[in-house]
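**Q**
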Amino acid sequence: MHDRGAFWSAPPTWNTAELVGRDVRVTVHAPRSIWIASGDVDAVLRACDCAAPVGPREVCTASRYALRLGPDRVLLISETYIELRAGWQTGVALSELHDGMLVFEMTGPGGRALLAQGTEYDFESTVARPLESSRMLFGGLKVAMMRRGTGWRLHVERLWAPALWRWLQAHMD
Amino acid sequence: MSGPQRTTQGGNAIDRSRPQAFSFDGEALQGYAGDTLASALLANGVRLVGRSFKYHRPRGIVSAGSEEPNAVLDLRHGERHDPNARATLEWLADGMQLRSIHANGTPQRDRLSYLDRLARFIPAAFYYKTFMWPRWMWYEHAIRNLAGLGRLDPTARAPVVPRSHLQTDLCVVGAGPAGIAAAQAAARRGARVLLIDARTAVGGSLLYRAAQIEGLAAPQWLAEVTRTLPALGVDVRLRTMALGLYDHNRLLLLQRCDPTAADRVGEHLLEVRAGRIVLATGAVERPLLFAGNDRPGVMLADAALEYLGRYGVRCGSRAVIATGNDSAYALAHALREAGADCTVVDSRATSAEADCARGAGIDVRLDTRVVGSTGALHVTGARLDSGVTLEADLLAVAGGWTPLIHLYCHSRGKPRWNDHIGALVPDREVDGLHVVGAANGALGLTQAWQQGSLAGGGSGEAPQLTGSVGDFWGGAPDLTHAGSAGRVWVDLQNDVTSKDVELAVRENFAAVEHLKRYTTLGMATDQGKTSNVNGLALLAAGTGRDIGAVGVTTFRPPFVPVSMAAVAGRELGELQSPVRRLPAEDEHRKERAYFRDYGNLLRPAWYGPDEAVIAAECRAARESAVVLDASPLGKIDVIGPQAAALLDFIFYTRMSTLAPGRLRYGLALAESGAIWDDGVVLRLAPEHFVVSCSSSHVAAMTAHLDEWREDHFDLRQVFVHDTTAHWATMAVSGPQARNVLAALELGFDLDDAQLPHMSATQGRFMGGPARIARVSFTGERSYEISVPAGLAGTLWRRIREAGALPLGVEALGVLRAEKGFIFVGQDTDSETMPQDIGMDGPRLKRSDAYVGDRSLFMPAASKAGRRQLVGIAATTVYPLPVGAHAVTTRDSRMRSIGFITSSYRSVALQRPIALALIEDGMRRMGDELEFEHLGSRLRGTVVPACQLDPTGARLNA
Chain F
1 MHDRGAFWSA
11 PPTWNTAELV
21 GRDVRVTVHA
31 PRSIWIASGD
41 VDAVLRACDC
51 AAPVGPREVC
61 TASRYALRLG
71 PDRVLLISET
81 YIELRAGWQT
91 GVALSELHDG
101 MLVFEMTGPG
111 GRALLAQGTE
121 YDFESTVARP
131 LESSRMLFGG
141 LKVAMMRRGT
151 GWRLHVERLW
161 APALWRWLQA
171 HMD
Chain B
1001 MSGPQRTTQG
1011 GNAIDRSRPQ
1021 AFSFDGEALQ
1031 GYAGDTLASA
1041 LLANGVRLVG
1051 RSFKYHRPRG
1061 IVSAGSEEPN
1071 AVLDLRHGER
1081 HDPNARATLE
1091 WLADGMQLRS
1101 IHANGTPQRD
1111 RLSYLDRLAR
1121 FIPAAFYYKT
1131 FMWPRWMWYE
1141 HAIRNLAGLG
1151 RLDPTARAPV
1161 VPRSHLQTDL
1171 CVVGAGPAGI
1181 AAAQAAARRG
1191 ARVLLIDART
1201 AVGGSLLYRA
1211 AQIEGLAAPQ
1221 WLAEVTRTLP
1231 ALGVDVRLRT
1241 MALGLYDHNR
1251 LLLLQRCDPT
1261 AADRVGEHLL
1271 EVRAGRIVLA
1281 TGAVERPLLF
1291 AGNDRPGVML
1301 ADAALEYLGR
1311 YGVRCGSRAV
1321 IATGNDSAYA
1331 LAHALREAGA
1341 DCTVVDSRAT
1351 SAEADCARGA
1361 GIDVRLDTRV
1371 VGSTGALHVT
1381 GARLDSGVTL
1391 EADLLAVAGG
1401 WTPLIHLYCH
1411 SRGKPRWNDH
1421 IGALVPDREV
1431 DGLHVVGAAN
1441 GALGLTQAWQ
1451 QGSLAGGGSG
1461 EAPQLTGSVG
1471 DFWGGAPDLT
1481 HAGSAGRVWV
1491 DLQNDVTSKD
1501 VELAVRENFA
1511 AVEHLKRYTT
1521 LGMATDQGKT
1531 SNVNGLALLA
1541 AGTGRDIGAV
1551 GVTTFRPPFV
1561 PVSMAAVAGR
1571 ELGELQSPVR
1581 RLPAEDEHRK
1591 ERAYFRDYGN
1601 LLRPAWYGPD
1611 EAVIAAECRA
1621 ARESAVVLDA
1631 SPLGKIDVIG
1641 PQAAALLDFI
1651 FYTRMSTLAP
1661 GRLRYGLALA
1671 ESGAIWDDGV
1681 VLRLAPEHFV
1691 VSCSSSHVAA
1701 MTAHLDEWRE
1711 DHFDLRQVFV
1721 HDTTAHWATM
1731 AVSGPQARNV
1741 LAALELGFDL
1751 DDAQLPHMSA
1761 TQGRFMGGPA
1771 RIARVSFTGE
1781 RSYEISVPAG
1791 LAGTLWRRIR
1801 EAGALPLGVE
1811 ALGVLRAEKG
1821 FIFVGQDTDS
1831 ETMPQDIGMD
1841 GPRLKRSDAY
1851 VGDRSLFMPA
1861 ASKAGRRQLV
1871 GIAATTVYPL
1881 PVGAHAVTTR
1891 DSRMRSIGFI
1901 TSSYRSVALQ
1911 RPIALALIED
1921 GMRRMGDELE
1931 FEHLGSRLRG
1941 TVVPACQLDP
1951 TGARLNA
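Same order as they appear, the protein sequences are chains F and B.
With the first letter of the first sequence counted as 1, position 139 gets the number 139 in the numbering used here; the numbers rise by one all the way through.
With the first letter of the second sequence counted as 1, position 499 gets the number 1499 in the numbering used here; the numbers rise by one all the way through.
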């Protein structure tokens, strides 16, 4: 078998990585804190002074937000460090994921067309789905999606991040 | 002038101010922007476009749409090469080079045309009966060379076809009158509507058939509709064809570009998820069955009308129109107006249209049929049943209509035969799907409009419409002359004749699906759009049944051929099947790592130019210290008061008895009792465990834990989080491992009393947390250090600076095999149970329930002859091949008693070693076995799986 390192392009340097296409730009955002919380998530969100979790269609501009992953599970993301302890806290299971996920920030009017290539999710639908998970298949990968102002944030597991980056790069051409 | 030609005016699809130069078989020709390849060829008088698939008969353009069986061409345009371009579906552009396909020589002089004279010796299915001796394969290559369509150019690069998704409340397929009615009605009710059509304009048959709508002539009315549809919010996509309809109202569309546009972007594949779908796909005309009905110049009447109205191409100057319904009279009038002589040969005794046609100076012959054509490379006349032969350069045929219900059938709709109109129409309704207009057998424009309007949620009220023809459908196929002298062609693309159908019936291939396979009727790129119903009628007649009782073959996607490039889209190369990447990959690349894909992970196989370095890596592990990037090993948090109970249930070994800070190896079983995965469980706190499963099994193990959690446990008392990506893990192993750890200054006590084998502790690295676990997969003293993934590269560098050499996955395979440690799935198979690898303890001791427990006590789990894991000490110089079977021979018959699962050359033992699953392997210790591999015989001795340091002394060395 040939050296597969030659087949797979080297991952980008994340802190300087940027993709610029026609009408769309993707940069890497580095939140300070990411936690996954399950169970009584309302209690955790209250304790962290974080608003209710959002799905893929709700617009969020806060610096600390929670993405809905399931009825009793959220991804808690913050620009500042959130002081929590991993493990079991009465009614809530907490695990740290600060380095486990990368967040891609997509801006520009071409973002919608780029997203349409990766997911069949209907961002324009007005049907209320209050328990909808922000996680979806995007470009064949699991991505937690959030609307950020007029753009989007794509949250992806670090090990899959190079694959998603490469996908975005190819589809922006 | 004889033959087809461009008229001086008319043609609402073409732009006469934009000529387009192209060539056909090397001859320079000219068309206009908006022309299809077919219309451009006809406009230049081209009647012969290629040779037929089997008999190399001359063939010309028959239709104007997706049903075209003959006009398949080799197309080159810039970098594009399409060996099977469909001339009726591709638009002309400057510089296109077209070639006929499947002619040996030229279509005019085909060296293989002699095959036609051998037709009686090579009827349908001849290859099932002949060329069987001595072997079909001896002839296959030559026969395949004689048949087939275009040939791929291996040097040509297919263009990348982008794919995107679209969501809509209603998708209307077909922008004819019924489709327009549906789209307008739905849009007026506020729905998001997508309206698609394969043509370049909205209107369907109204684009070339005369009608009056709301007091306006069709062209004016369509101009108004074209303006108002977008204003209503309807997303109109032209040049777009539906390829398939799938579950949950998912449509696959192929949108083509205008190749003459300056910003042409090629094809675009659209996946549409629609709340509801309206199919207004119309109907295609059927050919008539008579001898020589395949001759170039024999064309569907509706197609001839479309070429005249849309492209300004008069397909003949002396036309005979053979019909059995009123729809063909429009062509007679149009040709007459275009200056052609015209005779209508109508098989009916009366026709409401006949007098009107005669009044316009058209020769109409009622109660008369065409029984044959004359000519060689193109038609020169039509023979009538009255004995008269009419001179003709165009023989237009109108044998009735076939609704296009393919998409309805894709969604498991079943068609039924409608005797009144003589066509297959949709039977039962399919949820979320409405078939309207001609596709639903509508009688006239008004009914088509009403059906469309109702399907779009409207009132069903139609505007004032005139222009419908009286007897549009014409009834069932006319078989009067199907059995006449000479060959009557049913399927033009596959060269199937009426005699082939009769032959199939005689040989009892009388079921419709058998007929299709036996004769190839309805196969190939046109999928029998013009031939299926005629074939069914012949089958029904041959078997004495009604057409409705014969049944139909299954229509499957795609509706029209689509290139593999379009299906693949951009998901090529790295995007086809992506792999996970290590957070420290950059460091491994700097170390000249040789990478391989391991279960969708890109990992260093070894560090150096070739495999020779594996031995050095193994030696370093046994003599000094090595570091392996073990980051992908699972790190699944199981948290909550019932976490211990969940893990007890999942693992074969009890985990609830683990003390915090300790680790335990465990097997996870399938319900069959077979080993499904293995791993190490760490208890961080009384209610917090971390499952470190196989690297390639993380997602599956997470799902496995969650499934059983939901099935057996209180959902508020235990939770499963996959945190694998957060932690990077470096495994430091070897006699010098402790020294390496000491140099890292991780802030914990390295003393073995404080951190014995199978225990864990917490430390700090670069200001962040670090988990250190003493666990070994090499048999040496080992430490797994886990830090946040952002520090992976730094940790790797620091370990290397501290003296550890890099270890790749291949060397790890050798080291663990020396110790008899298994790779689940490689050293086990779907029947291997714990007792087969020497782990019988829990099975005998545990009384509580766990996954797979009952299967472990089935009789099959204890019977003699189970394959058990053992080591093999090979007596060969080279390692035994993986997969080689251990065999016994009795009465010169060989029997397999097991096989090699892993095999390497051990550096530490200085000989080949192997692991194998052997029947009753434990009882064969010391036995010498014979191994068979691809005809060669090798030998090896059964030994314990652990062949190095069986007491485990090196773990604490």
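Don't be surprised by glycine CBs; every beta carbon is placed ideally from N, CA and C.
Could you please tell me which residues of the stretch 1655-1689 of chain B, in chain order, have their CB closer than 9 Å to any CB of chain F?
**A** Of all residues in the stretch 1655-1689 of chain B, L1684, A1685, P1686, E1687 and H1688 have a Cβ within less than 9 Å of some Cβ in chain F.
**Q** Would DSSP call B/C1315 helix, strand or coil?
**A** Residue state, collapsed to three classes: coil.
**Q** The stretch 1587-1616 of chain B: which residues have C-beta closer than 7 Å to a C-beta of chain F, in chain order?
**A** So the list reads R1589, A1593, Y1594, F1595, R1596, D1597 and L1602, given in the order they occur along the chain.
**Q** Tell me which residue opens and which closes the beta strand (DSSP E) that B/S1759 is part of.
**A** Here B/S1759 belongs to no beta strand (DSSP E), and DSSP marks it neither H nor E.
**Q** Note down, in chain order, each residue of its chain lying with its Cβ closer than 7 Å to the Cβ of B/A1338, except the 5 sequence neighbours on either side.
**A** Here the set comprises T1007, L1308 and R1314.
**Q** At the 8 Å Cβ level, is F/M174 part of the contact set with chain B, yes or no?
**A** In this structure chain F extends from 1 to 173, so residue 174 of chain F is not present and cannot be described.
**Q** Using 8 Å as the threshold, is the C-beta distance between B/L1915 and B/D1827 below it?
**A** Yes, the Cβ-Cβ distance between B/L1915 and B/D1827 is below 8 Å.
**Q** Quick check: the Cα distance between F/L67 and F/R153, rounded to an integer number of angstroms?
**A** Rounded to whole angstroms, F/L67 to F/R153 spans 11 Å at the Cα level.
**Q** Report the residues of the stretch 141-167 of chain F with a CB closer than 8 Å to any CB of chain B, ordered along the chain.
**A** Answer in chain order: L141, E157, R158, L159, W160, A161, P162, A163, R166 and W167.
**Q** With a 10 Å radius around its C-beta and 16 neighbouring C-beta atoms as the bar for buried, classify B/A1861 as buried or exposed.
**A** Label assigned to B/A1861: buried.
**Q** Is any heavy atom in the ligand ZN found nearer than 7 Å to the beta carbon of B/S1733?
**A** Only the bare structure without any ligand can be found here, which leaves the ligand ZN out of the picture.
**Q** Is the stretch 1314-1332 of chain B touching the stretch 1103-1115 of chain B in the sense that three or more CB pairs, one from each, lie closer than 8 Å?
**A** Contact between the stretch 1103-1115 of chain B and the stretch 1314-1332 of chain B is absent, because fewer than three Cβ pairs lie under 8 Å.
**Q** Where does B/P1019 fall in DSSP's three states?
**A** Three-state result, B/P1019: strand.
**Q** Under 8 Å between the Cβ atoms of B/L1222 and B/L1206?
**A** Result yes, Cβ atoms of B/L1222 and B/L1206 sit closer than 8 Å.
**Q** Can you tell me where the beta strand (DSSP E) with B/R1890 in it begins and where it stops?
**A** Per DSSP, B/R1890 belongs to the beta strand (DSSP E) from H1885 to R1890.
**Q** State the start and end residues of the unbroken alpha helix (DSSP H) segment that holds B/I1143.
**A** It spans M1137 to L1146 - the alpha helix (DSSP H) in which B/I1143 sits, taken as one unbroken run.
**Q** Counting only beta-carbon separations shorter than 8 Å, does F/A170 have a partner in chain B?
**A** Yes, contact with chain B.
**Q** Short of 7 Å Cβ to Cβ, which residues in the stretch 11-33 of chain F face chain B?
**A** From the stretch 11-33 of chain F, only P11 have a Cβ closer than 7 Å to chain B.
**Q** In the DSSP assignment, what are the bridge partners of B/Q1212?
**A** Answer by DSSP bridge pairing, in chain order: B/A1217 and B/T1466.
**Q** Taking only three categories from DSSP, how would you classify B/Q1736?
**A** B/Q1736 falls in the coil class under three-state DSSP.
**Q** So, for B/M1299: in the same chain, excluding its five sequence neighbours on each side, which residues have a beta-carbon less than 8 Å away from its beta-carbon?
**A** G1060, I1061, V1062, S1063, C1315, L1394, L1395, A1396 and V1397, listed in sequence order.
**Q** From the DSSP output, in three-state form, read off B/Q1009 for me.
**A** Here B/Q1009 sits in coil by DSSP.
**Q** Examine chain B for any beta-carbon lying closer than 8 Å to the beta-carbon of F/M106, and answer yes or no.
**A** So no, F/M106 is outside the interface.
**Q** Using three-state DSSP, classify B/A1916 as helix, strand or coil.
**A** DSSP places B/A1916 in strand when its eight states are reduced to three.
**Q** Should B/A1274 be flagged as near chain F, meaning a C-beta pair shorter than 8 Å?
**A** No, because no Cβ of chain F sits closer than 8 Å to the Cβ of B/A1274.
**Q** Does DSSP classify B/V1877 as helix, strand or coil?
**A** Note: B/V1877 maps to coil in three-state DSSP.
**Q** Start and end of the alpha helix (DSSP H) containing B/R1199?
**A** Per DSSP, B/R1199 belongs to no alpha helix (DSSP H) and is neither H nor E.
**Q** Taking 8 Å as the cut-off, decide whether the C-beta atoms of B/I1196 and B/L1253 are in contact.
**A** The answer is yes: Cβ separation under 8 Å.
**Q** Under a three-way DSSP split, which group does B/C1693 fall into?
**A** It is a strand residue.
**Q** Determine the DSSP secondary structure at B/C1409, reduced to helix, strand or coil.
**A** B/C1409: helix per DSSP, three-state reduction.
**Q** Output, in chain order, the set of chain F residues within a Cβ distance shorter than 7 Å of B/H1165.
**A** Near B/H1165 (Cβ distances below 7 Å), the residues of chain F are A116, T119 and E120.
**Q** List, in order along the chain, the chain F residues whose C-beta lies closer than 9 Å to that of B/P1788?
**A** The contacting residues are E96, H98, D99 and G100.
**Q** Drop a sphere of 10 angstroms on the beta-carbon of B/G1470, count the other beta-carbons inside from all chains shown, and report buried for 16 or more, exposed for fewer.
**A** The residue in question, B/G1470, is exposed, as its Cβ has fewer than 16 Cβ neighbours within 10 Å.
**Q** If we define contact as Cβ-Cβ less than 8 Å, is F/D49 a contact residue for chain B?
**A** No, F/D49 does not count as interfacial toward chain B.
**Q** Which residues in chain B sit within 7 Å of F/G39, going by Cβ to Cβ distance?
**A** Result: R1716 and F1719.
**Q** Three or more C-beta pairs under 8 Å: does that hold for the stretch 143-159 of chain F against the stretch 61-78 of chain F?
**A** Short answer: they touch.
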